[in-house]
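Visitor: Protein chains in written order, with this note's numbering: chain R, 211 to 464; chain V, 3 to 251.
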Amino acid sequence: MGAGHTHALYVHEHSAIHRMAPQTKLVAALGMVASIAVTPREAIWAFAVYAVLIGSIAALSRIGPGFLAARLLAVAPFVLFAFLIPFIATGETVEIGFVEVSVPGLWGAWNILIKAVLGASVSIVLTATTEVAEIIRGLGVLRAPALFTSIAVFMIRYLELITDELGRMRTAMTARGYDPRWIAQARPIATSAGALFVRSYERGERIHAAMLARGFTGEMPTFDRPAIARSQWVVVLVVIMVFVAVATVALLVT
Amino acid sequence: MSARIQISGLGFAYPDGKKALEGVDLELEAGERVAILGPNGAGKTTLALHFNGILVPHAGSITVGDLPVVEENYAEIRRMVGLVFQDPNDQLFMPSVREDVAFGPANLGFVGDDLERKVDAALDIVAGKEFAHRPPHHLSGGEKRRASLATVLAMSPDVLVLDEPSSGLDPAGRRELIVTLSGLPMTLVVITHDLPLALELCPRSVIMNHGRVVADGATQALLGDVEMLADNRLEPPYNFVRVEDPPRS
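1. Please go through the same chain and pick out, in chain order, the residues whose beta-carbon is closer than 8 Å to the beta-carbon of R100/V, but skip the five residues on each side of it.
2. What does Q8/V pair with, by DSSP beta-bridge criteria?
3. Apart from the five residues just before and just after L219/R, which ones in its own chain have a Cβ nearer than 7 Å to its Cβ?
4. Taking only runs that begin and end inside the stretch 55 to 135 of chain V, name each unbroken alpha helix (DSSP H) of 4 or more residues, in chain order.
5. How is R435/R classed by DSSP in three states: helix, strand or coil?
6. Ignoring anything shorter than 3 residues, give me the beta strand (DSSP E) runs that lie fully in the stretch 279 to 324 of chain R, in order along the chain.
7. Rank I193/V, T194/V, G84/V, L199/V by C-alpha distance to the C-alpha of R177/V and give the top, closest one.
8. Hey, out of L190/V, L30/V, V58/V, whose CA is closest to P14/V's CA?
9. Whose Cβ in chain R lies nearer than 8 Å to the Cβ of T153/V?
10. For E236/V, count neighbouring C-beta atoms within 10 Å of its own C-beta (all shown protein chains included) and say buried if the count is 16 or more, exposed if not.
11. According to DSSP, what are the bridge partners of G219/V?
12. Identify, in the order they occur along the chain, each residue of the same chain with its Cβ nearer than 7 Å to the Cβ of R251/R, setting aside the five sequence neighbours on each side.
13. Do the stretch 69 to 85 of chain V and the stretch 159 to 178 of chain V make contact, defined as three or more Cβ pairs closer than 8 Å?
14. Is the stretch 394 to 414 of chain R touching the stretch 436 to 456 of chain R in the sense that three or more CB pairs, one from each, lie closer than 8 Å?
15. Grab the span of the alpha helix (DSSP H) containing T401/R for me, first residue to last.
16. Does the beta carbon of R391/R sit closer than 8 Å to a beta carbon anywhere in chain V?
17. Checking 8 Å against the spacing of the C-beta atoms, do V270/R and A238/R come in under that value?
18. Does any C-beta atom of chain R lie closer than 8 Å to the C-beta of Q8/V?
19. As an exercise, report each continuous alpha helix (DSSP H) stretch of at least 4 residues that is fully enclosed by the stretch 332 to 390 of chain R, in chain order.
20. Can you tell me which residues form a DSSP beta bridge with A37/V?
21. Does the Cβ-Cβ distance between I372/R and T359/R come in under 8 Å?
22. Using a Cβ-Cβ distance under 8 Å, would M157/V count as near chain R?
23. Return the bridge partner residues of A15/V from the DSSP annotation.
24. Are the beta-carbon atoms belonging to A261/R and L328/R less than 8 Å from one another?
25. To be precise: take each residue of the stretch 355 to 372 of chain R, compare its Cβ to all Cβ atoms of chain V, and keep it if any distance is under 9 Å. Which residues remain?
26. A77/V CB to nearest chain R CB: under 8 Å?
27. Use the C-beta contact count for V245/V: other C-beta atoms within 10 angstroms, 16 or more gives buried, fewer gives exposed.
28. Quick check on L151/V: does DSSP put it in helix, strand or coil?
29. Starting from V237/R, trace the alpha helix (DSSP H) both ways and give me its first and last residue.
30. Roughly how many whole angstroms lie between the Cα atoms of E277/R and T182/V?
31. Which value, in whole angstroms, describes the spacing of the CA atoms of R435/R and K325/R?
32. Can you confirm whether A5/V, when its beta carbon is compared against all beta carbons of chain R, has any partner nearer than 8 Å?
33. Which bits of chain V does R413/R rub up against, with CB to CB less than 7 Å?
34. Cβ of A231/R less than 8 Å from any chain V Cβ?
35. Are the C-beta of A420/R and some C-beta of chain V separated by less than 8 Å?
36. State yes or no: is the beta carbon of H139/V nearer than 8 Å to at least one beta carbon in chain R?
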């Protein structure tokens, strides 16, 4: 897609995964995450299989392990909480080194850790291979409510603009000696938040006028999307079936 | 292809009570090119927003072609009158330029190949094929202007109203805009502070101040009346006037 990209999560590459239609990738991601979520925590082998599969898809998308690891840092705050569980949970305990930790707590921590990491990896691969605008189009194709997709479209389109506006306001304040390190100077921040709200509201009105001027009657027009090859859905089906099969076996044997 | 516009006794006040238009009378012939000049706050943009019913007049009336601008005619009027807003960021709201250009004709009911043809034709006029797939916030100022123009041209308007079309453009971008606009057949209304642009594009100019029309005539004659311009907070460019009349030392 042209020169510019809409968001920072996207990795510009030309892999087979990048070329897939967004709706197929969304369905595949949903199937994968659902399978991971229902897999019992004791089936460690199943999580190993998932990790290998997701790793292969990432490799196919030309996403390096370093990139994946860096993006996974986003789940760190949730995972940190998981590390507390073995120390605060009750029940049977086991000694690791000099500390005594709860066994159910360890399983709980493992459950959160592995599912968070694998689930996040799936969405990292999805967002790295699909632009946000495309993801929303995919949601539209999958019959997500039009109101939701329109709001998302506008949010993405104007988020950058509003951030720019905030940046300009901050620059203007700094240029006139504002130094936000002191609590006494919190007032301008609050004022600028209000100003930003008013500016955004007024912009919303102007955009609405521009839409009306081009015949908008309250419903966003839908555009024909190019038909996608059946083979894409076959690939998605195979991937989901593999994940569901692993989850099913894991559920049966544990 | 082009339509005439008749405005009589148009009056409008904003909710805060500020009177923006007071008794504006104006007639534009089909295919005519008219510049609307005037200081900030003169009511130029407010007038433009009346051309297709975005603002509803408190007094007087406006007719485009044979249609009065009233609610039951809005759909057709908005097809006939293309409004290019001052800030392209207000005009370009879709994820890509191509979808934005398709927004208007899609609202008019065009689908499939017909829609594609409309979009391609509009993008061709502004030489915008190369940025058609880019998101609007990745375009340069000049590209945004051209994209904004294409979004309106895609609706095949009979009247084109441009609000400050040259503001923020570099000289080359401004030149491209003038070339593009001068090749268009429709009635053209250009709201601007850019007096050379008005002179080049529009044989006729209307000067507004305090919500009224204060002068209406040939652009060249109006721009030569330095006192009248000064009375209305306008100023001809330095090298614009009295070239035949060298400064006395």
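We put the beta carbon where it would ideally sit given N, CA and C, even for glycine.
Guide: A quick look at the data gives this:
1. V121, L125, A134, H135
2. E29/V, T65/V
3. T337, A338
4. 76 to 82, 90 to 93, 99 to 109, 114 to 127
5. coil
6. 303 to 306, 309 to 312
7. L199/V
8. For clarity, residue 14/V is Phe in the given sequence; the question names Pro instead. For F14/V, the nearest C-alpha among the options comes from V58/V.
9. R424
10. Correcting the residue type first, residue 236/V is Leu in the shown sequence and not Glu. Looking at its Cβ environment, which holds 16 or more other Cβ atoms inside 10 Å, L236/V is buried.
11. S207/V
12. W317, W320, N321
13. yes
14. no
15. 396 to 423
16. no
17. According to the sequence as given, residue 270/R is Leu; it is not Val. Cβ atoms of L270/R and A238/R: not closer than 8 Å.
18. no
19. 342 to 351, 356 to 385
20. V192/V, S207/V
21. no
22. yes
23. K21/V
24. yes
25. V363, F364, I366, R367, Y368, E370, L371
26. yes
27. Residue placement at V245/V is poorly supported in this model, since its pLDDT is 49, which falls under 50; the coordinates are not used for a value here.
28. helix
29. 232 to 248
30. The amino acid at residue 277/R is misidentified as Glu; the sequence shows Phe. For F277/R and T182/V, the distance between alpha carbons rounds to 46 Å.
31. 34 Å
32. no
33. D92
34. no
35. yes
36. yes
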